[in-house]
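First residue of the sequence shown: 146, per the numbering used here; consecutive thereafter. The beta-carbon is built from N, C-alpha and C at its ideal position, and this holds for glycine as well. See structure below.
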Amino acid sequence: DVQDYMMQYQGQIDLLMMDPTREGASKTFLEAMKKIKPKRIVYVSCEPKTLARDIYMIRDLYEIKSVQPVDMFSQTVHVESITLLSLK
Numbered sequence: 146d147v148q149d150y151m152m153q154y155q156g157q158i159d160l161l162m163m164d165p166t167r168e169g170a171s172k173t174f175l176e177a178m179k180k181i182k183p184k185r186i187v188y189v190s191c192e193p194k195t196l197a198r199d200i201y202m203i204r205d206l207y208e209i210k211s212v213q214p215v216d217m218f219s220q221t222v223h224v225e226s227i228t229l230l231s232l233k
């Protein structure tokens with residue numbers, strides 16, 4: 146599991162890039178991420194609702210620095226969002 150791998154590098158990760166499925170990140174993943182405390186997170190999301198939910202779950206440690214929507218599928222309602230978060 147990626148959570149187990151991440152825990153080996155607790156306190157050593159400067160940047161974590163994540164691109165979860167439409168269901169968003171698992172609670173287990175987010176809890177592990179909060180323990181290892183990467184300085185910055187780049188979160189690529191294809192579902193605004195789960196992006197908001199996941200950011201809400203880590204709001205005590207991270208703040209949003211920027212959000213960039215990307216219209217990769219112009220003939221659909223889908224949008225990708227790239228969010229940069231920084232450790233408070």
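Going along the chain, which residues of its own chain have a beta-carbon closer than 7 angstroms to the beta-carbon of residue i, five neighbours each way excluded?
| i | result |
| --- | --- |
| Gln-148 | Thr-173, Phe-174 and Ala-177 |
| Lys-233 | Leu-206, Tyr-207 and Glu-208 |
Flag residue i as yes if its beta-carbon sits less than 8 angstroms from any beta-carbon of chain C, otherwise no.
| i | result |
| --- | --- |
| Thr-173 | The displayed structure is made up of one protein chain only, and chain C is not part of it. |
Measuring alpha carbon to alpha carbon, tell me which residue in the options is nearest residue i.
| i | options | result |
| --- | --- | --- |
| Ser-190 | Met-217, Tyr-207, Leu-206 and Glu-208 | Met-217 |
| Ile-227 | Gln-220, Met-202 and Pro-193 | Pro-193 |
| Tyr-188 | Asp-164, Lys-182, Leu-206 and Gln-213 | Asp-164 |
| Val-212 | Arg-167, Gln-220 and Ile-200 | Ile-200 |
For residue i, which residues of its own chain have a beta-carbon under 8 angstroms away from its beta-carbon, when the five flanking residues on both sides are left out?
| i | result |
| --- | --- |
| Val-222 | none |
| Ser-198 | Note that residue 198 is Arg in the sequence shown here, rather than Ser. Within the same chain, Arg-198 has close Cβ partners Gly-169. |
| Gly-156 | Ile-181 and Lys-182 |
| Met-152 | Ala-177, Lys-180 and Ile-181 |
| Tyr-154 | Ile-181 |
| Arg-167 | Cys-191, Glu-192 and Thr-195 |
If you drop the 5 nearest sequence neighbours on each side, which residues of the same chain put their C-beta closer than 6 angstroms to that of residue i?
| i | result |
| --- | --- |
| Glu-225 | Cys-191, Val-215 and Met-217 |
| Leu-161 | Pro-183 and Ile-186 |
| Gln-220 | none |
Just checking my contact of residue i with residue j at CB under 8 angstroms: how many whole Å lie between their CB atoms?
| i | j | result |
| --- | --- | --- |
| Asp-159 | Arg-185 | 7 angstroms |
| task | Kindly provide the ranges of any alpha helix (DSSP H) runs that are 4 or more residues long and lie completely inside the segment 168–208, ordered along the chain. | result | 172–181 and 193–202
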